[in-house]
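K.L.:
Let me give you the structure first, and then I'll get to my questions.
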Amino acid sequence: MFVKITSQGGISKGYFSVKDLNIVKLRISELLNNLRIPLCGFYYCIHDTNGNVEGSNRPCSCQKPLPGMLVEAASDHFIDLNQSWIIGDTINDVEAGNRAGCQTILIDNGGETEWLPGVFRKPDFKARNINEAAEQI
Numbered sequence: 251m252f253v254k255i256t257s258q259g260g261i262s263k264g265y266f267s268v269k270d271l272n273i274v275k276l277r278i279s280e281l282l283n284n285l286r287i288p289l290c291g292f293y294y295c296i297h298d299t300n301g302n303v304e305g306s307n308r309p310c311s312c313q314k315p316l317p318g319m320l321v322e323a324a325s326d327h328f329i330d331l332n333q334s335w336i337i338g339d340t341i342n343d344v345e346a347g348n349r350a351g352c353q354t355i356l357i358d359n360g361g362e363t364e365w366l367p368g369v370f371r372k373p374d375f376k377a378r379n380i381n382e383a384a385e386q387i
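So in this note's numbering the end of the sequence shown lands on 387, straight run, no missing numbers.
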């Protein structure tokens, strides 16, 4: 089962809209369908305490590194998080997965520069790309 979990604070800052994000969601779904992988869920957080869009500029439990979206997806789709994997390209992705009890893979593409220490911030595995991550699973 493939479920997409994404923090999109740019919506709160007015950089793009939920409509724009839905276009991306459709494209992701198309690409996965070409591989015969259904997109079973698409969860996103628009909150950012530095945002300027009213109603979305507040703290929440869904923005990574908190595991709120993972817990919601698990509840909606009867997913055992202890038997699940999260693949991400930021340490916040890793922390959210670890907090939820998932196995974690960090795509180490050179973009992650904020390695703040913490018990939840160490990935179980690292990969150079999504293909390498998939092979690990």
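Beta carbons: idealized from backbone N, C-alpha and C, even for Gly.
Let me check understanding here. Comparing Cα to Cα, which of Glu382, His297, Val369 and Leu356 lies closest to Ser262?
P.N.:
Nearest option by C-alpha distance: His297.
K.L.:
Please determine, among Gln258, Ile357 and Leu366, the residue with the shortest C-alpha to C-alpha distance to Val303.
P.N.:
Answer by Cα proximity: Gln258.
K.L.:
Mapping DSSP to helix, strand and coil, what is Tyr254?
P.N.:
Looking at the sequence provided, one finds Lys at residue 254 rather than Tyr. Of the three classes helix, strand and coil, the one that applies to Lys254 here is strand, per DSSP.
K.L.:
May I have the straight-line CA-CA distance separating Ile355 from Ala346, to the nearest angstrom?
P.N.:
Taking the straight line joining both Cα atoms gives about 12 Å.
K.L.:
Roughly how many angstroms lie between the CA atoms of Glu280 and Ser311, to the nearest whole one?
P.N.:
About 29 Å.
K.L.:
Please report the residue range of the beta strand (DSSP E) in which Ile355 lies.
P.N.:
Counting along the chain, the beta strand (DSSP E) containing Ile355 begins and ends at Gln353 to Ile357.
K.L.:
When DSSP labels each residue in this structure, what does Leu276 get in the three-state scheme?
P.N.:
The answer is helix: DSSP assigns Leu276 an H, G or I state.
K.L.:
What residue range is occupied by the uninterrupted alpha helix (DSSP H) comprising Gly338?
P.N.:
Taken as a continuous stretch (DSSP letters only), Gly338 belongs to no alpha helix (DSSP H), being part of the beta strand (DSSP E) at Trp335 to Gly338.
K.L.:
Quick check: the Cα distance between Phe266 and Phe328, rounded to an integer number of angstroms?
P.N.:
Taking the straight line joining both Cα atoms gives about 32 Å.
K.L.:
So is Ser325 buried or exposed if we call it buried at 16+ other beta carbons inside 10 Å?
P.N.:
By the 10 Å Cβ count, Ser325 comes out exposed.
K.L.:
I'd like the span of the alpha helix (DSSP H) that includes Gly291, first residue to last.
P.N.:
Gly291 -> not in any alpha helix (DSSP H); beta strand (DSSP E) instead, spanning Leu289 to Cys295.
K.L.:
Can you name the residues that DSSP bridges to Lys372?
P.N.:
DSSP output for Lys372 lists no bridge partner at all.
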